[in-house]
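K.L.:
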Amino acid sequence: MRELFLTGATGRLGRTVQRNLNNSWIIHPCSLSGGDDLTKTEPRDIVPGKADFVLNCAAMSSRAGCMDNPYFAYRLNSLWPQKLAVFCAETHTRMVHISTDLVYSGGIPPYTERSPAVPRSLYGWTKLLGDIAVLNRNPRACVVRTSVLTGKAGAKMTTFSEDILSGRASSFHVDCFRNHTDINALARFLSKCLFSSMNGLVLAAAPYSMSRASYAYTLLKKDINLINGPSHIPHDLTLKPSVSIAEE
Ligand SMILES: NC(=O)c1ccc[n+]([C@@H]2O[C@H](COP(=O)([O-])OP(=O)(O)OC[C@H]3O[C@@H](n4cnc5c(N)ncnc54)[C@H](OP(=O)(O)O)[C@@H]3O)[C@@H](O)[C@H]2O)c1
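The numbering used here numbers the first residue of the sequence shown as 58 and each following residue consecutively.
#1: Between the beta-carbon of residue 85 and the beta-carbon of residue 70, is there less than 8 Å?
#2: Report yes if the C-beta distance between residue 217 and residue 293 is below 8 Å; otherwise report no.
#3: Can you tell me which of 290, 303 and 273 puts its alpha carbon nearest to the alpha carbon of residue 119?
#4: Go ahead and pull the three-state DSSP assignment for residue 168.
#5: Do you know how far the Cα of residue 152 is from the Cα of residue 241?
#6: For ligand 1, is there a heavy atom less than 7 Å away from the beta-carbon of residue 155?
#7: For residue 109, which of 246, 245, 89 and 147 has the nearest alpha-carbon?
#8: Checking the sheet assignment: what are the DSSP bridge partners for residue 147?
#9: Measuring only the C-alpha atoms, how far is residue 269 from residue 106?
#10: Could you pull out every residue in the same chain whose Cβ sits closer than 7 Å to the Cβ of residue 133, ignoring the five residues on either side in sequence?
#11: Could you check the C-alpha separation between residue 169 and residue 138 for me, to the nearest Å?
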């Protein structure tokens, strides 16, 4: 049996990963509500000795949350991945770390693994620092950057499509382009990625971008309220992913 230490296990991606892993895995879940605060712990005190795989999905994932508590966001999004990368390199543990298209500025798409990352938000900066630390401290680790997640996650925080279908989101940006990525298909890719030797930075997302408004219209098939995105949000984060995550 393979043993996986899964951080962010109660989050959107963590829950979806758990649903998509087959029963050849033993999962050691970790979350804040489960009593594990990664901003106050060291990997050697929390990663089970038998875990030969680590998937780091824990994050302060909201822009507002990072603005409200930058120190916490820095510790969880930047410092924790760095410590985990060092620990995994020393213990020869396979590590996959999740990141975001929001590390890019939105100015010169399409973005690839070779594009310079210049975030426009505190969230983006904390994630970029985490990515750089993982890539530098553990060359065998894989940093998977993806885009806005869609599909049924069943977590406390909701995905964009869950927001659209529940009516929580009611106005949609016509000028913000993202590679809306199916969370279940991404989780299936991650289970393969964990068991592969893929390393370094990998963009894994839906093959094409569309505006938030086009995505919402495709889902609802009825007139929607169109607005312009605010200036603090990068407008065109079109990725040219090397791993295409397509809904099956
Ligand atoms: N959601 C998206 O559209 C999206 C897009 C691109 C990239 N990503 C990236 O994908 C990854 C997963 O995001 P997500 O959407 O699944 O996030 P999420 O739904 O916000 O879940 C965050 C997870 O982190 C845990 N956590 C928060 N603070 C913690 C702490 N101090 N100690 C331990 N655990 C803590 C949470 O535990 P509790 O539930 O107990 O609080 C939860 O399990 C992140 O790296 C994110 O940057 C997400």
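Ideal Cβ positions, reconstructed from N, Cα and C, are used throughout, including at glycine. In this text the structure is predicted, and so the values were computed from the model without any measurement.
P.N.:
On the basis of the supplied data:
#1: no
#2: no
#3: 290
#4: strand
#5: 20 Å
#6: yes
#7: 147
#8: BP columns for residue 147 are empty, so no partner.
#9: 43 Å
#10: 95, 96, 115, 116 and 117
#11: 22 Å
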